[in-house]
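Remarks on the structure that follows.
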Amino acid sequence: MRHKMIFLSLRAKFIYLFFLLITIPFFLSGLITYKQYSNNVQAEAIAYTRQIIDQITINLDRYLKEMDRLTLAPYYDKNVIDILNAHLSHIPTTNYVKNDENAKMNFMITSLAIDRNELQGIMIFTNDGIIFSNLQDSLTQNWELSANAWMKDAVAADSGLVIIPPHQVFYYLGGPKEVVSIARVIREATTNKHLGIVKVDLSEKSFEKILASASFSKNSHIYVSDRQDRQLYPLHGKVDLATTSNQIAMAGETYLTATKQSDYTGMYVTGLIPQADMKTGARQLIRFTIFISVGAVLVAYFIAGIASGRLVRPIRHLQMKMKKVQKGDFGERATVTTFDEIGQLTEGFNVMVAEIERLVREVYESKLREREAEFYALQSQINPHFIYNTLESINTMALQAQQYKVSHVVVNLGRLLRYTVDKNAKYVILQDEISFVESYLEIQSSRLGILLLTEFHVEIGHEYLLIPKLILQPLVENVIEHALTDQPVTVKISTRIEGEDLLIVVEDDGAGMSAARRIQVEKHMHAEHVEESKQRFGEKKKEFALRNVHRRLFLLYGEGYGLFMNKTTTKGSQFLVRIPLLYGEES
C-alpha cells in the first residue's frame, strides 16, 4: 500500500533549515564564547594594559631622545656659541642685548620649536642673567639664581640631559607656572667651559598631548615618575603606587595595575584600570550577546519567511504567465524581480515569448499585405489593353484637335499605368523609379500649373542602383496633399551615399509642419501597431502612405532602415529614405 506523502511547502522547509543550521549552532557558540570570555577577560585586560604601558614607555623614550637632540642643537650653531661666550660674566647684568644677538638666538630657538605645539617654551639661560627664548613677548629677559633652584640639578648632571620634576618658574610674564622641564648645561667643546643652560618646559597639557594616544577606559589613569620616584605626571596629586600584585586599592576602588621602567631614562610608567570598568564591559557584553542572539534569531526567521516567499513568488508568477501564453496571449511578459537563476529563466521566457510574438506578427502582417495587394489587384482587373487602347484613342483625338497639353498628359498617364500594371518586379533601378515620378509630377503640374515646380539631383552612377518599387511616389503625393499653398512649391529629389547606405532625400519648401505635428507624424510613421480605420470601396487610406513606405523598408532591410524625417528643417518638410546599397540589373 502506497504511503500518503505529507505536503511540506518550500517556505516551511526553509524555516526548518534555518532552525537546524543557524539557531542551534548560534546559541551553542554564544554560550561557549561567553564562558571563554569570562575565564580570560581579566588576564587579557592585564596583558593589554602592559602592552599599552610598553607602548607609552617607547613613545616617552623616543620623545626624550628627540629632546636630547634638541638640547644638543646649540652645540652645532657657531652663532649661539659666540653669543654665549659674549655673556660669560657670572655677574647679573641688565645690559642691553644687541639686536643682532637677539635675532640670531631667536631664529635658532624658533627653528627648534617648529611643529612642537606641546612645548610650553624653549629657553637658553646665559651666565650673566639673560634669557633667550621663542616666547620673547611673554617672557622676562633676565633671571636670578635665587628664583631658579632647578639649576642645581642641571649643573649636577654636568652636560647630560636631566629631567626636572614639577617646579614653579617665575620668568613667565603671566605669573608663576608649574612645569616639568628637560635641561642641559652648554659647555665649550674644547675647554669644557660653562656657557649657559638650555631648558625645555612642559606643562601638564603638554604631557597629555604626548600621552594622548594611550587610552584604557573612561576612568583609567596614567602616572609617570623618574628613577628617584618623583612624580612627573600628573603634576599634582601625588599617589603611592607601591604594590606587590596586579591590583591596587585607591580611594575605595580596586584597580588593575601594570608598571614599566624605561631602560633609557629610568622613568616609571604606571597604568591603572578600574575593575568596575571591566565588569561593566562584561555585563554589557552579556546583555548585548543575549539581545543580539534573540534579535538575530528573530530576524533570521523573518528573513527566512521573506526569502522563501521571494523564491516561490517568481516561480508562481512565471507559471501563471506560461499558462496565459499557452492560451495564445503572446503579449504577456513576466516581471524580472531577481538576478539569479530564476531571474535568468524569467528573462529567457520573456525573450522566447517576444520572439514568438514577433514571428507571429511578421507572418500575420505579411499575409495581411498579401491580402491587401490581392484586394487592390481585384480592383484593377479591368483589361490593361482596353485601357491602353482607350488612352491611344484619346491621344489621337487630342492631336487632331491640336490639344498638345492634353496629349502630353495622356502619354504620361499611359507610362504610369504600364509601370504599375505591367512590371511585377520587387526591385527596380532608381532611374525607372525617377522616370515614373517625373511622369506623375508632369501630370500633377498640368493640373496645378505654376504652383508645383520640380528639381532632380541624382548623382552620376546612382541611377542603376536597385531600390524597392513605388517608394518615392507616396512621398511626392504627400507634398501635393499637404504642402501646397498659394505660392509656388518646389519638390526636390536628391541622392547621396553614406557608408554602405543609399539616402534618397525628398524635400519641399511648402507649408511645413508645426513641432507638435512633426512629432505626431513621426510617431504614427514608426509605430509598430496602428489601428487602421475602415474605408469604403475604392477609397484611399489617409495618413497611411508614409507608414506603409517605412514598414515595407523596415520589413525588407531590418533595424536602421526605412523612412525618416529631418526635424531640423525650418521651412517645408524633408523626408529621408535610407536603404542599403544594392547593385545589379532590374529584377
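In this note's numbering, the protein residues as written are 276 to 862. In this text, a Cβ means the ideal position worked out from N, Cα and C, and glycines have one as well.
Report task. Could you tell me whether the region 818 to 833 touches the region 850 to 858, where touching means 3 or more Cβ pairs closer than 8 Å? Result -> yes
Query raised in the report: DSSP three-state call for Y858: helix, strand or coil?
Result: For the purposes of this step, residue 858 is taken as the residue at position 583 of the sequence shown. Three-state DSSP puts Y858 in a strand.
Report task. Pull up the distance between the alpha-carbon of D343 and that of L436, whole angstroms please. Result -> One-based indexing of the sequence shown puts residue 343 at position 68. One-based indexing of the sequence shown puts residue 436 at position 161. Going from the Cα of D343 to the Cα of L436 covers about 7 Å.
Query raised in the report: Taking the alpha-carbon positions, what's the G623 to A629 distance?
Result: Residue numbering aside, residue 623 sits at position 348 when the sequence shown is read from its first letter. Residue numbering aside, residue 629 sits at position 354 when the sequence shown is read from its first letter. Distance between the alpha carbons of G623 and A629 is about 10 Å.
Report task. Drop a sphere of 10 angstroms on the beta-carbon of R633, count the other beta-carbons inside from all chains shown, and report buried for 16 or more, exposed for fewer. Result -> Numbered from 1 along the sequence shown, position 358 holds the residue referred to as residue 633. Exposed, because fewer than 16 other Cβ atoms sit within 10 Å of the Cβ of R633.
Report task. Check whether the Cβ of A533 lies closer than 7 Å to any heavy atom of the ligand HEM, and answer yes or no. Result -> As for the ligand HEM, it is missing from this structure, which has no ligand bound.
Query raised in the report: Which of helix, strand or coil does DSSP assign to P589?
Result: Along the sequence shown, read from residue 1 onward, the residue named residue 589 stands at position 314. Helix, per DSSP.
Requested in this report: Note down the Cα distance separating F301 from F577, rounded to an integer number of angstroms.
Outcome: If you number the sequence shown from 1, residue 301 lands on position 26. If you number the sequence shown from 1, residue 577 lands on position 302. Distance between the alpha carbons of F301 and F577: 16 Å.
Report task. In the DSSP assignment, find the alpha helix (DSSP H) that holds E756 and state where it starts and stops. Result -> The sequence position of residue 756 within the sequence shown is 481, counting from 1. Its alpha helix (DSSP H) spans residues Q748 to H757.
Query raised in the report: Does DSSP put F407 in a helix, a strand or coil?
Result: One-based indexing of the sequence shown puts residue 407 at position 132. Reduced to three states, the DSSP call for F407 is strand.
Query raised in the report: Three or more C-beta pairs closer than 8 Å, one from the region 471 to 484 and one from the region 447 to 456: is that the case here?
Result: yes
**Report entry** Runs of alpha helix (DSSP H) lying entirely within the region 323 to 394, each at least 4 residues, in chain order
**Finding:** 353 to 360 and 374 to 388
Query - Cβ shell of T415 (< 7 Å), same chain only, five flanking positions each side left out - result: Taking the first residue of the sequence shown as position 1, residue 415 is located at position 140. Cβ neighbours of T415 beyond the five flanking positions: I406, Y446 and L448.
Report task. Return the chain-ordered list of same chain residues with a C-beta closer than 7 Å to the C-beta of H362, the five sequence neighbours on each side being excluded. Result -> The sequence position of residue 362 within the sequence shown is 87, counting from 1. Excluding sequence neighbours, H362 sits near T401, N402, D403 and I405.
Query raised in the report: With burial defined as no fewer than 16 other Cβ atoms inside 10 Å of the residue's Cβ, what is the status of R331: buried or exposed?
Result: The sequence position of residue 331 within the sequence shown is 56, counting from 1. The amino acid occupying residue 331 in the given sequence is Ile; Arg does not appear at that position. It counts as buried.
Report task. In angstroms with no decimal places, state the Cα-to-Cα distance between Y539 and I438. Result -> Residue numbering aside, residue 539 sits at position 264 when the sequence shown is read from its first letter. Residue numbering aside, residue 438 sits at position 163 when the sequence shown is read from its first letter. Each residue's alpha carbon lies about 13 Å from the other.
Query raised in the report: Could you check where the alpha helix (DSSP H) with E797 kicks off and where it finishes?
Result: Locating residue 797 in the sequence shown gives position 522, where the first residue counts as 1. Unbroken alpha helix (DSSP H) run through E797: A790 to H801.
Query - N-terminal and C-terminal residue of the beta strand (DSSP E) that D615 is part of - result: Against the sequence shown, residue 615 aligns to sequence position 340. It is not in any beta strand (DSSP E) - D615 carries neither H nor E in the DSSP assignment.
Query raised in the report: Where do the N-terminal and C-terminal ends of the alpha helix (DSSP H) with F482 fall, by residue?
Result: Numbered from 1 along the sequence shown, position 207 holds the residue referred to as residue 482. First-last of the alpha helix (DSSP H) with F482: E479 to I485.
Query raised in the report: What's the C-alpha gap between I590 and L573?
Result: Position 315 of the sequence shown, counted from the start, is the residue given in the question as residue 590. Position 298 of the sequence shown, counted from the start, is the residue given in the question as residue 573. Computed Cα separation, rounded: 26 Å.
Query raised in the report: Just how far apart, CA to CA, sit I358 and A429?
Result: Numbered from 1 along the sequence shown, position 83 holds the residue referred to as residue 358. Numbered from 1 along the sequence shown, position 154 holds the residue referred to as residue 429. In a straight line, the C-alpha of I358 is about 21 Å away from that of A429.
Requested in this report: Drop a sphere of 10 angstroms on the beta-carbon of K303, count the other beta-carbons inside from all chains shown, and report buried for 16 or more, exposed for fewer.
Outcome: Reading the sequence shown from its first residue, position 28 is the one you call residue 303. First, the amino acid is wrong: residue 303 is Leu here, not Lys. Its Cβ having fewer than 16 others within 10 Å, L303 is exposed.
Query raised in the report: Can you tell me whether P451 is buried or exposed, with buried defined as 16 or more other CB within 10 angstroms of its CB?
Result: Along the sequence shown, one-based indexing puts residue 451 at 176. With fewer than 16 Cβ atoms within 10 Å of its Cβ, P451 is classed as exposed.
Query raised in the report: So, helix, strand or coil for G541, using DSSP?
Result: Residue mapping note: residue 541 aligns to position 266 of the sequence shown, counting from 1. The answer is coil: DSSP assigns G541 none of H, G, I, E or B.
Query raised in the report: Helix, strand or coil: how does DSSP classify Y291 here?
Result: The count along the sequence shown starts at 1 and reaches residue 291 at position 16. Here Y291 sits in helix by DSSP.
Query raised in the report: Roughly how many angstroms separate the alpha carbons of I704 and E738, rounded to a whole number?
Result: Taking the sequence shown and counting its residues from 1, one reaches residue 704 at position 429. Taking the sequence shown and counting its residues from 1, one reaches residue 738 at position 463. If I take the Cα positions, the gap works out to 7 Å.
Report task. Compute the beta-carbon to beta-carbon distance between Y338 and I485, rounded to the nearest angstrom, for a pair I have assumed lies under 8 Å. Result -> By one-based count along the sequence shown, residue 338 stands at place 63. By one-based count along the sequence shown, residue 485 stands at place 210. The Cβ separation is near 6 Å, so the contact holds.
Query raised in the report: Using CA coordinates, which residue listed in Q443, A571 and A791 is at the minimum distance from F294?
Result: For this step, residue 294 is matched to residue 19 along the sequence shown. For the residues Q443, A571 and A791, the minimum Cα distance to F294 belongs to A571.
Requested in this report: Apply the 10 Å Cβ neighbour rule to I742 and answer buried if 16 or more other Cβ atoms are within range, or exposed otherwise.
Outcome: Residue 742 sits at position 467 when you count from the first residue of the sequence shown. Per the 10 Å Cβ criterion, buried.
**Report entry** Within 8 Å, strictly: CB atoms of V473 and D433
**Finding:** For the purposes of this step, residue 473 is identified with residue 198 of the sequence shown, where counting begins at 1. For the purposes of this step, residue 433 is identified with residue 158 of the sequence shown, where counting begins at 1. Not closer than 8 Å, so no.
Report task. Would you mind sorting D329 into buried or exposed? The rule is 16 or more other CB atoms within 10 Å of its CB. Result -> The residue given as residue 329 occupies position 54 in the sequence shown. Exposed is the call here.
Query raised in the report: Is the CB of A786 under 8 Å away from at least one CB in chain C?
Result: Here there is only one protein chain, and chain C is not present.
**Report entry** Bridge-paired residues (DSSP) for D476
**Finding:** For the purposes of this step, residue 476 is identified with residue 201 of the sequence shown, where counting begins at 1. According to DSSP, D476 bridges with G396 and S456.
Query raised in the report: How long is the line joining the alpha carbons of D501 and S481, rounded to whole angstroms?
Result: Locating residue 501 in the sequence shown gives position 226, counting from the first residue. Locating residue 481 in the sequence shown gives position 206, counting from the first residue. Cα-Cα distance, rounded: 17 Å.
Query raised in the report: Exposed or buried, D783, counting other C-beta atoms within 10 Å across all chains shown (16 or more means buried)?
Result: For the purposes of this step, residue 783 is identified with residue 508 of the sequence shown, where counting begins at 1. It is buried - the Cβ of D783 has at least 16 other Cβ atoms within 10 Å.
Query raised in the report: With DSSP run on the structure shown, which of helix, strand or coil describes R853?
Result: Taking the sequence shown and counting its residues from 1, one reaches residue 853 at position 578. Three-state DSSP puts R853 in a strand.
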